[in-house]
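In terms of this note's numbering, the sequence shown opens at residue 3 and continues consecutively.
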Amino acid sequence: MNEAFYIFYQIAMALSLLASSFVAVLAWQRRKVPGATAMIALALATFIWTLGFFLESHSTTLEQQLFFNNIGYIGSM
C-alpha cells in the first residue's frame, strides 16, 4: 500500500512539473498581455518549488535532502 501511494504521489508531482512548465511557456508566448509577466513568475516559482520537493523525495542522504529542500525554498519565496 505504501509503495503504491508513493508511486501515485511521484506521478502527481511529475504532472505538476509538466503543467507549471506548460503554463510558463504559454504565458511567455503571450507576454505582451497584461498580467502575463506575473503568471510567468508564478509558474516558474511553482516549477522550482515542485522540482526541489520532487528531487528531495528521491534523495538518499541527508545532505541531498537539505540541498533540494533549499532549492524548493527558493521557489516558495
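Built from N, CA and C at the ideal position, the CB exists for glycine as well.
The model shown is predicted, which means the values in this text are computed figures rather than measured ones.
Examine the Cβ distances between the stretch 9-23 and the stretch 51-58 and report whether three or more of them are shorter than 8 Å.
-> yes
May I ask you to report which of helix, strand or coil DSSP gives residue 27?
-> helix
Taking only the alpha-carbon atoms, compute the straight-line gap between residue 41 and residue 29 and give it to the nearest angstrom.
-> 6 Å
Confirm, please, whether the CB-CB distance from residue 47 to residue 25 is below 8 Å.
-> no
What are the start and end residues of the alpha helix (DSSP H) that includes residue 59?
-> 38-59
Have a look at residue 39 and residue 23 and give me their C-alpha separation to the nearest angstrom.
-> 14 Å
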